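Chains as they are written, first to last, in our numbering: chain G, 26 to 145; chain E, 24 to 143; chain Y, 727 to 950.
By construction, the Cβ of each residue, glycine as well, lies at the ideal position given by its N, Cα and C atoms.
Just so it is clear, the structure is predicted and the values come from calculations on it, not from any experiment.
A short write-up of the structure that comes next.
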Amino acid sequence: MTAPALSGSRQQGAAPLPSTYTPAPGHRFKVGDRVVVKIRFPPGHRRTPRYIRGKTGAIERICGAFANPEELAYGFDGEPKKVLYRVRFLQKDVWPAYRGPARDLIELEIFEHWLELAEG
Amino acid sequence: MSKTQPKKGAADIGGDAAGPVDTLDHGMKFWERQANGLRSVMQLIKLIRTDELRRAAEDLGDQYAKLEYFERTTSALRTVLIEKGFITEQELTAKMAEVRARFDVPRKKELPVRKQGAKR
Amino acid sequence: MSKHTHDYYARKKQGHGHDHDHGDHAPGEERDEGPPSDYEIMSRAMQELLEEKGVITAEQVRRRMELFEEELPYRGSRVVAHAWADPEFRKRLLADGKAAVAEFGIDMEADRLIAVENTPDAHNVIVCTLCSCYPRSLLGMPPTWYKSTNYRSRVVFEPRAVLKEFGTVLPDHVTVRVHDSNADMRYVVIPMRPQGTEGWSEERLAEILTRDTLVGVTVPRVEK
């Protein structure tokens, strides 16, 4: 299905476009903040992989506020929503034995309740 | 204080040592496309959530690594459908016997009879 | 396109549909070869029960299957080809993937898209280590390798070695960015546009934007 290539201006009265992002009122961290992923091992459904827990990175962008998957997985509504961030890490800060170049990166999405501001 | 961490979730495999990637895409068998279609419909009409399916797959524990992708997702769907009362275990067992009979799976080493356009 | 392309849908389009590894069928055929596994039987049984109870219809399932097979796999290459051809669209795609794709006329349903661009200094590769999250509404079903435990485990800690297995070798001055699609976002890579494609139509550009290039395990190639 192809659509005519719009130049970026939209017709009057057109419905707003859906967005990747949602509002995140009261978000705790801002882009560029150095943050550390909490070291916790709660059982059950978690979307913070083990390999990133305890690691330090920087907020790359604020994705918005989303229903908590840790609760949705068990039939709850996941409210109140939690702020989700993309966090950027240097690979060498994540894997002690990383063999690639020092600037290689790994980026993932971490919920606010899994993050703390890094010291220093 | 315990020095061991709780057991890793079955799906939490980022960073695990593993073998070479089979880089050829093998596509999907017909039944896998059907399984995907079924899951997709149930999610589309919001009767089940992705988060619930993920959690049910993770709860496969030791089975997780032994099953192939669509075997896992089918097991997970089964769990969630029963949990939510859409079907019962007994109904499923009975229906599976019925489906199996319709496929006319032989006990001896004969070519299975394929019934084109069989009523579903 | 090389017959060694890893891309199932590219091969299918070219008509290389009849190897033993997948279940391409003429219309009207409804079975795979060989006896059904317990899981196939389970899946069919679940569908039939849900139909009998009036929860779903066979038609709904059939339409989703058709969408996944005939429509979804071809959207991503059209969107990224358009980004190559139209720098303003490219900027909008990078700023808000879901909005830009909607503007292009594609409904991404629940998926939230982040587009990441390859540059001379950076190469992006996507994975979902925890399951198989993937922008299905833009790319269709993920390839079998993407869902494999070997890919999921290894690409996060040795991406360059994994990329090499796909035939992609990156010099050290190119930063590799791995994106683990572990929550609500879904990702598509905007590859670098190769030399030799100047003046190409979007349709022609889309042909070299195979699904594997949009996940980041290979780069688009111009066949001589």
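- Listed by position along chain E, the residues whose Cβ is nearer than 7 Å to that of TYR877(Y) are VAL44.
- Rounded to whole angstroms, the gap between the alpha carbons of GLY38(E) and GLU884(Y) is 9 Å.
- A straight line joining the alpha-carbon of ASP910(Y) with that of GLU924(Y) spans about 36 Å.
- Proximity to GLY942(Y) across THR46(E), THR27(E), ILE36(E) and LYS30(E) peaks at THR46(E), based on C-alpha coordinates.
- Proximity of ASP74(E) to chain G, defined by a Cβ-Cβ separation below 8 Å, is satisfied.
- Per DSSP, the continuous beta strand (DSSP E) segment holding VAL904(Y) begins and ends at 901 to 906.
- Under DSSP, GLU132(G) forms a beta bridge with ARG113(G) and HIS905(Y).
- Judged by their CB atoms, ILE77(G) and VAL56(G) are not nearer to each other than the 8 Å cut-off.
- GLY823(Y) and SER44(G) have their C-alpha atoms roughly 7 Å apart.
- When Cβ-Cβ separations below 8 Å define contact, LYS69(E) makes no contact with chain G.
- In the DSSP assignment, HIS849(Y) forms a beta bridge with VAL902(Y).
- GLN921(Y) and ALA826(Y) have their C-alpha atoms spaced approximately 26 Å apart.
- Assigned with DSSP and collapsed to three states, ARG86(G) falls in strand.
- In the DSSP assignment, ILE916(Y) falls within the unbroken beta strand (DSSP E) covering 911 to 916.
- Short of 7 Å from the beta carbon of GLU843(Y), and not among the five residues preceding or following it, lie these beta carbons of its own chain, in chain order: LEU820 and ILE916.
- With contacts defined as CB atoms closer than 8 Å, LEU97(G) and ARG72(E) qualify as a contacting pair.
- Close CB contacts of MET65(E) within its chain, under the 6 Å cut and outside five residues either way in sequence, are with ILE71 (chain order).
- Taking C-beta separations shorter than 8 Å and ignoring five residues to either side along the sequence, the partners of ARG71(G) in its chain run GLU95, following chain order.
- Contact of TYR99(G) with chain Y by beta-carbon distance below 7 Å is absent, the smallest such distance being about 17 Å.
- In the three-state DSSP reduction, LEU793(Y) falls in the helix class (H, G or I).
- Collapsing the DSSP output to three states places THR870(Y) in a helix.
- Residues ILE852, VAL853, CYS854, CYS859, TYR860 and TYR913 of the same chain have their beta carbon placed closer than 8 Å to that of SER907(Y), with the five preceding and five following residues left out of the count.
- It is roughly 7 Å from the alpha-carbon of PRO946(Y) to the alpha-carbon of THR936(Y).
- If you check the CB distance, ARG113(G) and GLU134(G) do not come in under 8 Å.
- Shown here, LYS107(G) sits in a strand according to DSSP, grouped into three states.
- When DSSP states are grouped into helix, strand and coil, THR81(G) belongs to the strand group.
- Just measuring C-alpha positions, the residue of VAL895(Y), ASN876(Y) and PHE794(Y) sitting nearest ASP35(E) is ASN876(Y).
- Among the residues facing chain Y, PRO94(G) is included, as its CB has a counterpart in that chain under 8 Å away.
- When the five nearest sequence neighbours on each side are left out, the beta carbons in the same chain lying within less than 7 Å of the beta carbon of ALA143(G) are those of ARG59, VAL60, VAL61 and THR81, in order along the chain.
- Our two residues, SER763(Y) and THR939(Y), have alpha carbons roughly 33 Å apart in a direct line.
- Straight through space, the alpha carbons of LYS118(E) and ASP837(Y) are spaced by roughly 34 Å.
- Minimum Cα-Cα distance from HIS849(Y) among the listed residues THR901(Y), LEU889(Y) and TYR872(Y) corresponds to THR901(Y).
- Within the stretch 817 to 830 of chain Y, those residues whose Cβ lies closer than 7 Å to any Cβ of chain G are, in chain order, ARG818, ASP822, GLY823, LYS824, ALA825, ALA828, GLU829 and PHE830.
- When rounded, the separation of the alpha-carbon atoms in PRO126(G) and GLU785(Y) is 52 Å.
- Contact residues of the stretch 35 to 54 of chain G toward chain Y are ARG35, LEU42, PRO43, SER44, THR45 and TYR46 (C-beta to C-beta distance below 8 Å).
- LEU935(Y) sits in coil when the DSSP states are folded into three classes, being neither helix nor strand.
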